[in-house]
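What follows is a short report on a single structure.
2 protein chains.
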Amino acid sequence: MRIGLLAGSGSLPRQVHDALLNEGHEVVPVMLGDAQPILPDATICPLDRPGRLIRHLRAKGATKLIMIGRLERPIVSTLRPDLKGWRILPKIIKGLRQGDDGLLRAVAQIFEDEGFEIINPLAYVPNLSLAAGSFGVPHVAHLEDINRGWALLDDLSSHDIGQACVVRAGNVIAIEAAEGTDAMLERVADLSDGRSGRQRQPSGVLVKKPKSAQDMRFDLPAIGPRTMELVAQAGLAGICVAADGFVLAEPEASKKAVAEYDLFLLIRDHS
Amino acid sequence: MRIGLLAGSGSLPRQVHDALLNEGHEVVPVMLGDAQPILPDATICPLDRPGRLIRHLRAKGATKLIMIGRLERPIVSTLRPDLKGWRILPKIIKGLRQGDDGLLRAVAQIFEDEGFEIINPLAYVPNLSLAAGSFGVPHVAHLEDINRGWALLDDLSSHDIGQACVVRAGNVIAIEAAEGTDAMLERVADLSDGRSGRQRQPSGVLVKKPKSAQDMRFDLPAIGPRTMELVAQAGLAGICVAADGFVLAEPEASKKAVAEYDLFLLIRDHS
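Protein chains in written order, with my numbering: chain L, 1 to 271; chain E, 1 to 271.
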């Protein structure tokens, strides 16, 4: 199958690109917005110039698209739209006002309106996620924290926010909203500074799962080596994610980091 | 009535102290923990030396206590407990592990176990809060954001977290957990940096209300001039708090700041 790969920043686009090729798919690589062009032979497409890109995708016969990677938020005053860009600009700006999710939704909608199908990479790229199971062993106290965080994220989900929280010894220490998981973990590391040496042994968990309204086709929760590093710096004991609800960036480096920082990584079924 | 005033940091203890005197009460002032001694003639009581303090309060005939102000978290390794301190130390340490709320609950419990009654300052100090109403005028969009945040905090309440969140244009930008309202507002100010000039006109609201399990006797949500300043720096349009659910620090300076920063302050009934 020929798949258009609309790539943002980070290591995930390259990982998905190579896995698709390994699976025998043909890939039409596109770097979206201001992302660093890390895909070989990629077409570069600013968010305000969709016209040429759409013609390019059609000419190459790519009807299915994967959107992956972090979209850099464009500065509205620097946008120089092409013809189609002028028509979609209001959608982009409205999306920008609604946060990162909104931007992704707006961009996806533009391509869907043009007749492309956006597909969930988890369904096409093997090993992009991990099956239910555990690396390292959470203790009973950690499982209690996990249950607490899991229930909280379920409740937050109906408010169309959430994705991640940190729970330690039964207390919710941090909840992610617009700042992103990394910034939340950095905050927890700062909060931990008040603890005395005795209390510094790792405790608490990062719980991360998709919200119910999450569009898994273009907005997959991701964890990677940097997540492990920040979790360790925050003094947490481990991570819990939902099976089929996340992508693992740089799988080998991630698993190595889990072991190196002596963390656990629990992949939990949705039930 | 003779009231023991157990004071932490910040301007609120002095405000409560003076208001109690104005109302004709007798006050036995105590500075708790490592708080700066801002009350006149106050006894100073580290958290690990409750024995002498309890004798002092009894000798002065103070059977009702008000706890007000921010408790600094003690470093466990520096504690030098007195006789009663040794008995209560495990409770203090357990409380410390459960966050600021836990510390307050633990300290309150210690005094209750000794037969003192902890009273809600809102019931004894007039003008410590504001009646339902509005300073400045929220727009319809702000009211929608307020409703969104209010419903979110109600849902979070059952998880024994919450107190505050920031909503802008229908999106929850930040949720407060252990970091406190000020840190959350600073985060929102950082998030706003990506917005272009056009988008910088104030929008979004800080919503703050007690959680259902909040013990209003010793853990009153507070706002003050610093809150107004941070709300303005975060580019928000205003604040919504719950009537009978907050104290207003430095009332005159607070109201002045609301006007100066062109904010609204909506005090909303609980219904």
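Where a beta carbon is used, it is the ideal one built from N, C-alpha and C, also for glycine.
Remember, predicted model here, so these are calculated numbers, not experimental data.
Check: For L:H159, which residues in chain E fall below 8 Å Cβ to Cβ?
Finding: R148, A151, L152, D155, V172
Check: Hey, E:R2 and E:V28: beta-carbon distance below 8 Å or not?
Finding: yes
Notebook entry, point to check: Can you list, in chain order, the residues of its chain whose CB lies under 6 Å from that of L:R148, leaving out five sequence neighbours each side?
Noted result: V167
Next item on the list: May I ask you to report which of helix, strand or coil DSSP gives E:L111?
Entry: Here residue 111 of chain E is Phe; the residue named in the question, Leu, does not match the sequence. The answer is helix: DSSP assigns E:F111 an H, G or I state.
Check: In chain E, what lies closer than 7 Å to L:R187 by C-beta?
Finding: E179
Note to self: So E:L89 contacts chain L; which residues on that side make the cut at Cβ distance below 8 Å?
What the structure shows: Close partners of E:L89 in chain L (Cβ separation under 8 Å) are lacking, with about 13 Å as the shortest Cβ gap.
Check: Ordered along the chain, which non-local residues of its own chain (more than five positions away) have a Cβ less than 6 Å from that of L:G4?
Finding: V28, L57, A62, L65
Check: If you measure from the beta carbon of L:L248 to each beta carbon in chain E, is any gap under 8 Å?
Finding: no
Note to self: In chain order, what are the residue ranges of uninterrupted beta strand (DSSP E) at least 3 long that sit wholly in the region 131-180 of chain E?
What the structure shows: 133-135, 164-168, 171-175
Checklist line | Nearest-angstrom Cα separation, counted from E:I38 out to E:L21 | finding: A straight line joining the alpha-carbon of E:L21 with that of E:I38 spans about 16 Å.
Item checked: Residues that E:P273 bridges to, as DSSP identifies them -> With chain E covering only 1 through 271, there is no way to say anything about residue 273 of chain E.
Next item on the list: Per DSSP, which residues does E:R70 bridge with? Please list them.
Entry: Under DSSP, E:R70 forms a beta bridge with E:S9.
Notebook entry, point to check: Span of the alpha helix (DSSP H) holding E:I88?
Noted result: 83-97
Check: Within the chosen definition, does the region 112-120 of chain L reach the region 126-142 of chain E through at least 3 CB pairs nearer than 8 Å?
Finding: Output reads no: the region 126-142 of chain E does not touch the region 112-120 of chain L.
Notebook entry, point to check: Roughly how many whole angstroms lie between the Cα atoms of E:R97 and L:E26?
Noted result: 54 Å
Notebook entry, point to check: DSSP on L:R268, reduced to helix/strand/coil?
Noted result: In the structure shown, L:R268 adopts extended strand secondary structure according to DSSP, grouped into three states.
Check: Along chain B, which residues have their Cβ under 8 Å away from the Cβ of L:L191?
Finding: Among the protein chains of the structure shown, namely L and E, there is no chain B.
Note to self: If you reduce the DSSP assignment to three classes, tell me which class E:E117 lands in.
What the structure shows: strand
Item checked: Spatially closest choice to L:G269 from L:K209, L:R217, L:Q233, L:D41, by CA coordinates -> Per the sequence shown, residue 269 of chain L should be read as Asp rather than Gly. Answer by Cα proximity: L:K209.
Notebook entry, point to check: Is the shortest distance between the beta-carbon of L:I175 and the beta-carbons of chain E less than 8 Å?
Noted result: yes
Checklist line | Straight-line Cα distance separating E:R226 from L:L71 | finding: 35 Å
Checklist line | L:G238 - containing alpha helix (DSSP H), residue span | finding: L:G238 -> not in any alpha helix (DSSP H); beta strand (DSSP E) instead, spanning 238-242.
Next item on the list: Confirm, please, whether the CB-CB distance from L:K94 to L:Q109 is below 8 Å.
Entry: no
Checklist line | DSSP three-state assignment for E:R198, whether helix, strand or coil | finding: Any reading at E:R198 must be qualified, since the residue scores a pLDDT of 48, below 50, and its modelled position is unreliable; no value is offered.
Next item on the list: Out of L:G8, L:R73, L:Q15, point me to the one whose CA is closest to L:T43's CA.
Entry: L:G8
Note to self: Going by C-alpha to C-alpha distance, which of L:F116, L:D18, L:I175 sits closest to L:K60?
What the structure shows: L:F116
Next item on the list: Reducing DSSP to helix, strand and coil, say where E:A35 ends up.
Entry: In this structure, E:A35 counts as coil in the three-state DSSP scheme.
Note to self: Using DSSP's beta-bridge definition, name the partner residues of E:V207.
What the structure shows: E:C165, E:C240
Checklist line | E:A222 beta carbon less than 8 Å from that of E:V247 | finding: yes
Check: Under 8 Å between the Cβ atoms of L:L104 and L:D34?
Finding: no
Check: Looking only at DSSP bridge pairs, what is L:I54 linked to?
Finding: Bridge partners of L:I54: none, in fact.
Item checked: C-alpha distance - L:P251 paired with L:L128, whole-angstrom precision -> Rounded to the nearest whole angstrom, the C-alpha separation of L:P251 and L:L128 is 8 Å.
Margin query: Applying the 10 Å Cβ sphere with the 16-neighbour rule, what's the burial state of L:R198?
Written below: At L:R198, the pLDDT of 49 sits below 50, so the modelled position is not reliable; the number obtained from the coordinates is stated separately. Answer is exposed; the Cβ neighbour count stays below 16.
Checklist line | Backbone secondary structure at L:T78 - three-state DSSP | finding: helix
Next item on the list: Go through its chain and collect everything with a Cβ distance to E:A232's Cβ below 6 Å, but skip five positions before and after it.
Entry: Y261
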